Every structure is written in structure tokens, then in C-alpha cells.
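Student:
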Amino acid sequence: MKYDYIIGGAGLAGLTLAWQMIESKLLENKQLLLIDADSKQSNDRTWSFWSEPKMWITDLPIKQSWDRAIVRGKDFDLTQSLSPYRYYNIRGIDYYQFVFNKLNKHPQVTFIQDVIVSEDEENKCVHTEKTSFYYDSYFFKSYFFPDQLKSMNVTGKHFIWQHFYGWKIQTDHAVFNPSEITYMDMQVPEVKGGLSFAYILPTSEDQALVEFTLFSADLWTKEEYETALKNYIHQNLGLQDFKVLDEEFNKIPMTTAILSKRNKSIVPIGTIAGTVKPSTGYSFVRNFYHIQQIIKVLEGKSNNFDIKSSSRFRFYDEVLLNVLITEKRTGHEVFGNLYKKNKLPLLLKFLNEDTNLLEDLKIMNTVPKWSFIKAVAEEVIS
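Residue numbers for the sequence shown follow the working numbering, so the first one is 3 and each next one is one higher.
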């Protein structure tokens with residue numbers, strides 16, 4: 003069977019693209035096929051992000067957001083307002099249901115649960131385990147195999163993982179303050195060549211998502227993550243008795259490389275298109291704006307499918323990853339200086355790539371200078 007468009011993968015990028023194609027009226031006389039190996043009926047992940055409360059965000063099924071955050075390091079413990087931003091968290095299952103409720107109202111959209119095994123650009127064909135599908139215009143590819151990522155187009159670029167393990171826990175008494183998050187708690191054992199920290203997203207006084215997170219090249223065993231998380235809950239939070247309600251376990255690539263380039267009618271979206279911010283691992287907002295860029299192309303208002311990316315901020319990311327990977331300074335030293343010496347909203351603005359050069363210089367003046375100067379020299383020469 004032939005469709006106008008095919009989207010491979012019904013994750014964040016694929017579903018957002020399908021949703022926005024409907025919103026923009028692109029499918030009034032066209033057919034879209036969405037393929038994924040999973041039925042999207044379970045809560046397999048959550049997404050966190052910060053943003054000003056824009057219309058498209060306030061329309062999402064977000065059950066809670068926060069405007070204050072705690073940051074802790076070896077020698078500091080700060081609580082700050084996030085204004086003008088709020089910090090949001092959305093469950094995967096809530097987002098899946100939100101988008102599918104929209105898609106199910108449009109007969110132009112077909113969802114098929116199947117496994118894609120290959121794509122054929124020359125014949126504009128997508129092969130799955132069960133059959134083959136053809137398309138007239140574009141195939142949008144978001145799926146990837148994590149074990150293959152390090153070999154995908156990363157020559158000359160830095161590559162580490164953000165990997166994390168978390169529990170949603172319930173206590174038998176009031177422990178948490180549901181009006182503020184622990185954005186980054188670095189009062190945990192350090193990891194070589196990266197960063198280790200915990201964060202806490204409370205939903206009530208007796209419930210919270212608690213996660214142990216690492217930025218590093220080497221992944222751990224599940225038992226090692228469990229041990230680190232238990233130690234944090236026992237030692238840092240002082241909790242011995244609690245009930246585990248849910249589990250979250252994932253890994254996200256952090257690299258300045260674009261893992262997949264457009265091949266004529268095959269257009270990468272999501273992680274392989276570069277929507278993950280290399281220095282943070284956040285992607286939700288960047289993904290939405292990349293989808294908007296794609297919609298403009300489909301509407302004939304642009305001819306560039308690529309994510310809009312500032313070369314200035316990409317260079318900053320390369321320098322930071324260099325410092326961490328080569329162990330010029332520990333992650334706790336680098337991020338400790340950043341969060342201790344700068345207001346959190348300014349750092350969030352910087353990580354959003356919205357700061358001006360003067361603001362950038364102010365922030366750079368707070369990191370270990372010689373380590374970053376060496377990294378800058380190495381990146382310029384390479």
C-alpha cells in the first residue's frame with residue numbers, strides 16, 4: 003500500500019510530527035502511516051524540561067509543574083526561583099494518549115504495530131517484518147538502536163551517555179515539599195570522566211520521583227544503579243522505609259555529532275537528527291521546534307529540514323564535553339562552580355541557547371578557567 007508520508011517510530015519525535023501535521027492541515031487530502039514496534043499503551047518513560055509557559059506547553063497533559071528548585075554541591079545548598087521559567091514533567095503514557103486521541107479522529111492517519119527492518123530510498127519503500135509500505139513524499143525516521151549509536155557518524159566528535167535509574171517512591175509520612183524540585187544534588191560519589199548527581203520531582207508530601215543520573219562514557223549494570231539509588235535515598239534523604247511505585251531506567255546519547263543526515267526522501271527526526279542538547283541530555287522543547295521547522299518545509303515555507311543550531315553554542319558543548327571526558331576537571335567542580343556562582347534562571351537561559359555574548363562571558367568567567375582554555379585550544383586545533 004502507498005501513503006503520502008510514513009513516520010518510522012511513534013516516540014516523542016514521531017508522535018509530535020504526526021500531531022503537528024494534523025494541526026497544520028497538511029493531511030486534509032493526504033495519507034500518513036505511523037509505524038512502531040510498541041503499542042504505546044504503557045508508561046515507559048517520562049520527559050522533563052523547563053520553559054516559559056507557552057501555549058503549546060499549557061495544552062499538554064501535564065499534571066504538575068514547579069517554579070522553585072534546589073541545587074546542592076559539596077559546599078553549597080541553594081534554593082532559587084526559576085522565574086520566568088517553570089519546570090515540567092510529563093509521563094510518556096499521558097503524551098501517547100494525548101496524541102493518539104487526536105490521531106484517532108482523523109481517518110487520514112493509520113497506525114501499524116510492526117518492526118521496521120530497512121528502508122529503500124530509491125524505491126521509496128519501508129520494509130517491516132510483516133510487509134512493505136511505499137510512500138510518495140517523505141519517510142521520517144526516528145528509530146535507532148542504542149548499541150549502534152557510538153558508531154553512527156561520530157568521527158571527531160565527543161560522545162558520552164546520560165544514563166539514569168529512578169524510582170517513584172511513597173513514604174509513610176510527609177517528607178517532600180511538592181512546591182519545589184531538587185534539580186541537581188551533587189552530594190553523591192563522583193564518577194570519573196563525567197558527572198554524577200541525583201534529582202527529585204515531588205508530586206505530593208509523601209510521593210516523589212527520585213533518580214540517580216550519570217554523564218559518562220561507561221554504562222553500569224542495573225545492580226550498580228540500584229545500589230547508588232538506594233544509598234542516596236538511605237543516606238542523603240534519611241529514608242529507610244518506603245514503597246516503590248514505579249521504575250524508570252534509560253540512557254540518552256550526548257554528542258555534538260548529528261547521528262543521521264537526510265538522504266533525499268529519508269528525513270531524520272528526534273535523537274538521530276540532533277534534538278538532544280549535547281551538554282544536558284534534554285530534548286523535549288528542542289524536538290518541538292525541530293518539528294515546527296519540518297512543518298514549514300512541508301508547507302512550502304522553507305527548504306531546510308535540519309534542526310536550527312547555533313555554531314556558537316555547539317562549540318560550547320564540545321568544550322564542556324572535552325573537559326569532562328578528558329578529566330581536566332571533575333563534573334562536580336565544573337557544575338558546582340556554575341550553579342554556585344550564577345542564578346539558576348540565567349543558566350537555564352544559557353542552556354536554552356537564548357543568552358547574548360555578554361551573558362555567555364559572565365557565565366564562562368565562573369568555570370575553572372585553565373581547564374576550559376586548554377579544552378578550547380584542543381577543539382580549535384582538532
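Ideal Cβ positions, reconstructed from N, Cα and C, are used throughout, including at glycine.
In this text, all values refer to a predicted model and were calculated from it rather than measured experimentally.
Once you ignore the five residues that flank D208 on each side, which residues in its own chain have a CB closer than 8 Å to its CB?
Tutor: Excluding residues within five positions, the ones whose Cβ falls inside 8 Å are Q172, T173, D174, H175, A176, V177 and F178.
Student: Please determine if the stretch 44-59 and the stretch 83-93 are in contact, where contact requires at least 3 C-beta pairs separated by less than 8 Å.
Tutor: Yes, they touch.
Student: If you drop the 5 nearest sequence neighbours on each side, which residues of the same chain put their C-beta closer than 8 Å to that of R70?
Tutor: Within the same chain, R70 has close Cβ partners T81, Q82, S83, L84, S181, E182 and I183.
Student: Are at least three pairs of beta-carbons, each pair with one atom in the stretch 367-379 and one in the stretch 95-112, less than 8 Å apart?
Tutor: Too few Cβ pairs lie closer than 8 Å, so no.
Student: For S198, which three-state DSSP category applies?
Tutor: In the structure shown, S198 sits in a strand (DSSP, three-state: E or B).
Student: Does I383 pass the burial test, meaning 16 or more other C-beta atoms within 10 Å, or should it be called exposed?
Tutor: The residue is exposed, with fewer than 16 neighbouring Cβ atoms inside 10 Å.
Student: How many angstroms separate the CA atom of V111 from the CA atom of I37?
Tutor: Near 11 Å, if we compare the C-alpha coordinates of I37 and V111.
Student: Looking only at its own chain, which residues have a Cβ that is under 8 Å from the Cβ of L28, when we skip the five neighbours before and after it?
Tutor: Same-chain partners within the cutoff: I297, L300 and E301.
Student: Could you round the C-beta distance between S144 and G276 to whole angstroms and report it? I think they count as a contact, below 8 Å.
Tutor: The pair is not a contact, with the Cβ atoms about 12 Å apart (cut-off 8 Å).
Student: DSSP three-state call for L35: helix, strand or coil?
Tutor: Note: L35 maps to strand in three-state DSSP.
Student: What separation, rounded to the nearest whole angstrom, lies between the Cα atoms of L14 and R288?
Tutor: One C-alpha to the other measures close to 11 Å.
Student: Between W163 and S218, which are expected to be in contact by the criterion C-beta below 8 Å, what is the C-beta distance as a whole number of angstroms?
Tutor: Their Cβ separation, rounded to whole angstroms, is 7 Å, which keeps W163 and S218 in contact under 8 Å.
Student: For Y185 versus F251, is the C-beta distance shorter than 8 Å?
Tutor: Against a cut-off of 8 Å, the Cβ pair of F251 and Y185 comes out as no contact.
Student: DSSP puts S120 in a beta bridge; with which residues?
Tutor: H129, per the DSSP bridge assignment.
Student: According to DSSP, simplified to helix, strand and coil, what is I297?
Tutor: Helix.
Student: Counting only the same chain and skipping the five closest in sequence on each side, list residues whose C-beta sits under 6 Å from that of L231.
Tutor: Closer than 6 Å at Cβ, skipping near neighbours: Y167 and F214.
Student: Which term fits N265, buried or exposed, when burial requires 16 or more other beta carbons within 10 angstroms of its beta carbon?
Tutor: So N265 counts as exposed.
Student: Kindly indicate which three-state DSSP category N289 falls into: helix, strand or coil?
Tutor: DSSP places N289 in helix when its eight states are reduced to three.
Student: Sort E30, S120 and V190 by Cα distance to G75 and report the nearest one.
Tutor: The option with the nearest alpha carbon to G75 is V190.
Student: So if DSSP puts L348 in a beta bridge, which residue, or which two residues, is it bridged to?
Tutor: Beta-bridge pairing links L348 to no other residue.
Student: Let me make sure I understand the geometry here. Which of E249, D138 and S26 has the alpha-carbon closest to that of A210?
Tutor: Of the listed residues, the one whose Cα sits closest to A210 is E249.
Student: Under a three-way DSSP split, which group does I271 fall into?
Tutor: Correct three-state label for I271: coil.
Student: Using the three-state DSSP reduction, which class does W222 fall into: helix, strand or coil?
Tutor: Reduced to three states, the DSSP call for W222 is coil.
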